[in-house]
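Position 117 (the sequence shown) corresponds to 515 in this note's numbering; numbering is contiguous.
For glycine and all other residues, C-beta sits at the position ideal for the given N, C-alpha and C.
Predicted, not measured: the structure shown is a model, and the values here were computed from it.
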Amino acid sequence: MIVTYKIPFRDGELRIGWASWDKGRYEHRSIKYAYKDSSGKISRGSPEIPLDMLVELIAAAYEQNEIPQNLPKLELENVREVDLEKCSMDDLKQKNDILVSVLATIQGMMTKVNYPEWEKIYDRVASEREAVKQETERRRLLRP
C-alpha cells in the first residue's frame with residue numbers, strides 16, 4: 399500500500415492509499431487499520447480492504463445486526479480542515495477524486511443502511527468538494 403492519508407484512530411491509525419495490488423496504475427484504493435504491534439510500533443502488516451467494498455461490508459454487518467441500529471452521532475466538527483490555497487494543483491485533483499469517491503460511497507450507504515446522520519455527512523463532504531472545485535477554477539482563471 400502507498401499511503402496517502404493517515405488518520406489517528408484508537409491506539410493506531412487508519413490508512414488510506416493506493417492498494418498493494420494496484421501495480422503502479424493508480425486505479426485501486428484501499429483502507430486499513432494499522433494497529434500497534436507487540437513492540438508498540440504501528441504495524442504495516444494489517445490487511446487492506448478495497449475502498450469500493452466498504453459499502454457492502456458495512457451493509458452486510460448492519461443486516462446481521464452487528465452494527466447498532468441507532469449509531470451514535472458523528473462529531474463532524476472534529477474533521478480536519480485543509481487550507482486549499484496551500485495545496486498544489488495535483489493535490490487538489492487528488493482531493494477532488496477522493497471526495498467524488500466518498501460521495502458515491504455515502505450515496506450507496508444511504509440506500510443500504512438506515513442512519514439519520516448520512517445527510518449531514520453527505521452535505522459536509524459535498525461542501526468540501528465544492529470548495530475544492532472553486533479553488534481549482536480560481537487558479538485556472540489566474541493562469542496567463
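Please report the distance separating the alpha-carbon of residue i from that of residue j.
i	j	result
R408	S444	15 Å
L412	L539	36 Å
I400	G438	22 Å
E461	V453	12 Å
R536	P542	12 Å
S499	R427	10 Å
E464	L455	11 Å
A459	T402	27 Å
Y513	G422	36 Å
I429	R442	12 Å
From the DSSP output, in three-state form, read off residue i for me.
i	result
K404	strand
R537	helix
K484	helix
A417	coil
Y431	strand
E411	strand
I440	strand
I504	helix
Assuming contact is defined by CB atoms lying nearer than 7 Å, are residue i and residue j in contact in what I supplied?
i	j	result
E517	L482	no
Within its chain, find whatever has a CB closer than 7 Å to the CB of residue i; leave out the 5 residues flanking it on each side and keep chain order.
i	result
A457	K510, V511
G410	Y431, A432, Y433, K434, I440
L497	V523, E526, R527, V530
I405	E411, L412
Leaving out five residues on either side along the sequence, give the residues of the same chain with a beta carbon under 8 Å from the beta carbon of residue i.
i	result
Y520	L501, I504, Q505, M508
Y424	W416
C485	K493, E533
P466	none
With 7 Å set as the bound, which would you pick, yes or no: does the beta-carbon of residue i sit closer than that to a beta-carbon of chain D?
i	result
E464	Given the protein chain composition of this structure (a single chain), no chain D is represented.
- Does the stretch 506-516 come within contact of the stretch 479-494, defined as at least 3 CB pairs closer than 8 Å? No, because fewer than three Cβ pairs between the stretch 506-516 and the stretch 479-494 fall closer than 8 Å, the two stretches do not touch.
Margin query: Any contact between the stretch 443-462 and the stretch 412-421? By contact I mean 3 or more CB pairs, one from each, below 8 Å.
Written below: Of all C-beta pairs linking the stretch 443-462 to the stretch 412-421, three or more are shorter than 8 Å, placing the two stretches in contact.
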